[in-house]
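Residue numbers (UniProt numbering), protein chains in the order written: chain G, 1 to 284; chain S, 1 to 284. To start, the structure under review is shown below, and the notes come after it.
So, in structure tokens, the structure goes:
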């Protein structure tokens, strides 16, 4: 009998991936970690039965969560990553020589260890000398961090259920604002606009952030293995506008080869469908 | 036992929708037609077991296949639709008072009759007095049509397997070119770039078209119920460039309410991911 991974992406909608074998299944203090080898997607990594990444399409998520802010401010030096235990976000960040320090705060050390063992394509740069790993709660970490420490914070979290929940609160966004420099940018994964289960959270998060940051916009990407395939990211900023301050020529001079991101797509990704724009304008 | 519709979107990848009940299942001369009522997507219409549309997300496909060319040439008068038996493309076209004639050529009359009975949300405008329905092979229809008949041809077809196959050939595109006016535009659904099964067809079709039309570009949309959720359309044209000739102010004066399409998104939809751009530049 062939084995299938099946995820109920939202009530009444399922997504299935045929698997070659299960490579890992373990319970951490926080969640269930599973890794599979699949036919179409290469390695598949799930937390509590939800797709975090696949080897085939992770480049889309990681391109968009990293290169969008980096192309708006090419002089970013100090970065904080919250979550992101698979290492993909750090991998893309380490490609910038201008970055001097990357603090990564992942609540679940077992996720990092599992990724280092089984997902080297994302995790291999976690040993970069600029990277400092902290295995603790991101909410506590930002509360204890000094003012104006970071040029960029990337919240690479799970959905706002379980360990990720506190990363979608006003208190957390307030602390992010405080520990960002006057040129600071906050990027967070922003859920899907399509299914109400996700768009409700997306609207709530966006309403909180836009009351804190002077610039607060949303951009999108095609991520085939996430619910609906239509995924959003939040770009919140104290000074830089994601379109007006885009440094395309300077970014292109870095000659970073990317499979998804490019400067035209950067601009295009902020052009949202009408129903998404209307959703973001609604108050809660 | 709850019933699920399950589609193997590409080998080793399945998409499932929980259904309330099956409304219709019939065999036409050409294909199997099924219509279901579902929990999350409202009505679901499939041909040969592949999703053609759902009530919840059909607005995306129909917005993008119609409003993109109409906003580039707001003076389009004569339109030919090949396929599109569900009526959604015609529905969007009939919103333009400037359009004088819509010839719709659908090979399978049973698709139109089933849609008129069960999918009124897309099919209700097929009775518009400007619409002429032809139940015949689109390939034969274009071969017999006079020169310079149409300002716009929309190929709203199934995949290039089964009845849709001939709509992806050089001969067909040559005929389309011939029967378009000197300002003519050809739009066709262009498959997905993500899974090789589809992207192979997409590249083949694009290579053929770009040797015929002076302007030949590709744009994208998020369509959650199509394989990978990342779907492409071809914009091929004798005169008008889809970006440089976009008539945003004139289109916006029409005050057509759209849920997906808007002028910014029009521009953004042509900004393709790097891997898709590279794919389109490759020769076969």
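Beta carbons: idealized from backbone N, C-alpha and C, even for Gly.
Less than 7 Å between CB atoms is the rule here; does residue 205 of chain S satisfy it with respect to chain G? It does not; no Cβ of chain G falls within 7 Å.
Could you list which residues in chain G have their beta carbon closer than 8 Å to that of residue 69 of chain S, in chain order? Per Cβ cutoff of 8 Å: no residues; residue 69 of chain S is ~18 Å from chain G at best.
Using a beta-carbon distance cut-off of less than 8 Å, what residues from the stretch 10-35 of chain S approach chain G? Of all residues in the stretch 10-35 of chain S, only 10, 11, 12, 13, 14, 15, 16, 17 and 18 come within less than 8 Å of chain G when Cβ atoms are compared, listed by chain position.
Whose CA, out of G:147, G:39 and G:141, lies closest to the CA of residue 166 of chain G? Per the Cα distances, G:141.
Residue 219 of chain G - partner residues in DSSP beta bridges: In DSSP, residue 219 of chain G forms a bridge with G:233.
DSSP-derived helix/strand/coil call for residue 226 of chain G: Residue state, collapsed to three classes: coil.
What is the DSSP secondary structure of residue 58 of chain S, counted as helix, strand or coil? Helix, per DSSP.
Considering only DSSP beta bridges, list what residue 22 of chain S is partnered with. Residue 22 of chain S pairs with S:36.
Are residue 78 of chain G and residue 151 of chain G close, meaning C-beta to C-beta below 7 Å? Their beta carbons are under 7 Å apart, which means residue 78 of chain G touches residue 151 of chain G by this criterion.
Secondary structure of residue 268 of chain G, DSSP reduced to three states: Residue 268 of chain G: helix per DSSP, three-state reduction.
Check whether the Cβ atoms of residue 295 of chain G and residue 60 of chain G lie closer than 7 Å to each other. With chain G covering only 1 through 284, there is no way to say anything about residue 295 of chain G.
Check whether residue 126 of chain S and residue 164 of chain S have beta carbons under 7 Å apart: With respect to the 7 Å criterion, residue 126 of chain S and residue 164 of chain S are not classified as neighbours on the basis of their beta carbons.
Could you pull out every residue in the same chain whose Cβ sits closer than 6 Å to the Cβ of residue 297 of chain S, ignoring the five residues on either side in sequence? This structure cannot speak to residue 297 of chain S, because chain S is shown only from 1 to 284.
Contact list for residue 42 of chain S against chain G, beta-carbon separation under 8 Å: Under the 8 Å cutoff, chain G gives no residues; its nearest Cβ is about 11 Å from residue 42 of chain S.
Quick check for students: name the residue ranges of the alpha helix (DSSP H) that lie wholly in the stretch 143-191 of chain G, counting only runs of 4 or more. The qualifying runs are 170-179.
What residue range is occupied by the uninterrupted alpha helix (DSSP H) comprising residue 201 of chain S? From DSSP, the alpha helix (DSSP H) with residue 201 of chain S extends over 196-210.
Between which two residues does the beta strand (DSSP E) carrying residue 9 of chain G extend? That run of the beta strand (DSSP E) goes 3-10.
Endpoints, the beta strand (DSSP E) within which residue 88 of chain G is located: Premise fails: residue 88 of chain G lies in the alpha helix (DSSP H), 88-93, not in any beta strand (DSSP E).
Closest residue to residue 115 of chain S among S:85, S:94 and S:17 (Cα-Cα distance): Of the candidates S:85, S:94 and S:17, the one whose C-alpha sits nearest the C-alpha of residue 115 of chain S is S:85.
Under 8 Å Cβ-Cβ, which residues of chain S neighbour residue 230 of chain G? Residues of chain S whose Cβ lies closer than 8 Å to the Cβ of residue 230 of chain G are, in chain order, 222, 224 and 229.
So which residues on chain S does residue 194 of chain G lean against when the C-beta distance must stay under 7 Å? By Cβ distance, chain S contributes 224.
Is residue 117 of chain G helix, strand or coil by DSSP? Here residue 117 of chain G sits in helix by DSSP.
Would the beta-carbon of residue 47 of chain G fall within 7 Å of that of residue 122 of chain G? No.
Residue-chain proximity (residue 332 of chain S, chain G), Cβ-Cβ < 7 Å: Nothing in the structure corresponds to residue 332 of chain S, since chain S is present only between 1 and 284.
Per-residue DSSP class, three states only, for residue 280 of chain G: Residue 280 of chain G: helix per DSSP, three-state reduction.
Cβ-Cβ distance between residue 81 of chain G and residue 139 of chain G below 7 Å: No.
Cβ shell of residue 55 of chain G (< 8 Å), same chain only, five flanking positions each side left out: If the five residues before and after residue 55 of chain G are omitted, its C-beta is found closer than 8 Å to the C-beta atoms of 41, 42, 43, 44, 119 and 121, all from its own chain and listed in chain order.
Considering only the alpha carbon of each residue, which of S:110, S:105, S:96 and S:19 lies closest to residue 26 of chain S? Closest in alpha carbon position to residue 26 of chain S, among S:110, S:105, S:96 and S:19, is S:110.
Taking the alpha carbon of residue 242 of chain S as the reference point, which residue from S:255, S:267, S:259 and S:250 has its own alpha carbon closest? Of the listed residues, the one whose Cα sits closest to residue 242 of chain S is S:267.
Rounded straight-line distance, which links the Cα of residue 70 of chain G to that of residue 240 of chain G: Each residue's Cα considered, the two are about 11 Å apart.
Can you tell me the Cα-Cα spacing of residue 29 of chain G and residue 161 of chain G, whole angstroms? So the two alpha carbons sit approximately 15 Å from each other.
If we define contact as Cβ-Cβ less than 7 Å, is residue 88 of chain S a contact residue for chain G? Chain G contact via Cβ: absent.
Assigned secondary structure, residue 27 of chain G (DSSP; H/G/I helix, E/B strand, else coil): Residue 27 of chain G: strand per DSSP, three-state reduction.
Sorted by chain position, which residues of the same chain lie with C-beta nearer than 8 Å to residue 67 of chain S's C-beta, five sequence neighbours on each side aside? Cβ neighbours of residue 67 of chain S beyond the five flanking positions: 92, 251, 256, 258, 261 and 266.
Could you check how far apart the C-beta atoms of residue 182 of chain G and residue 232 of chain G are, in whole angstroms? I think they sit under 8 Å. With 8 Å as the limit, residue 182 of chain G and residue 232 of chain G do not qualify as a contact, their Cβ atoms being about 26 Å apart.
Assuming residue 230 of chain S and residue 229 of chain G are in contact, meaning their beta carbons sit under 8 Å apart, how far apart are those beta carbons, in whole angstroms? Confirmed, about 6 Å.
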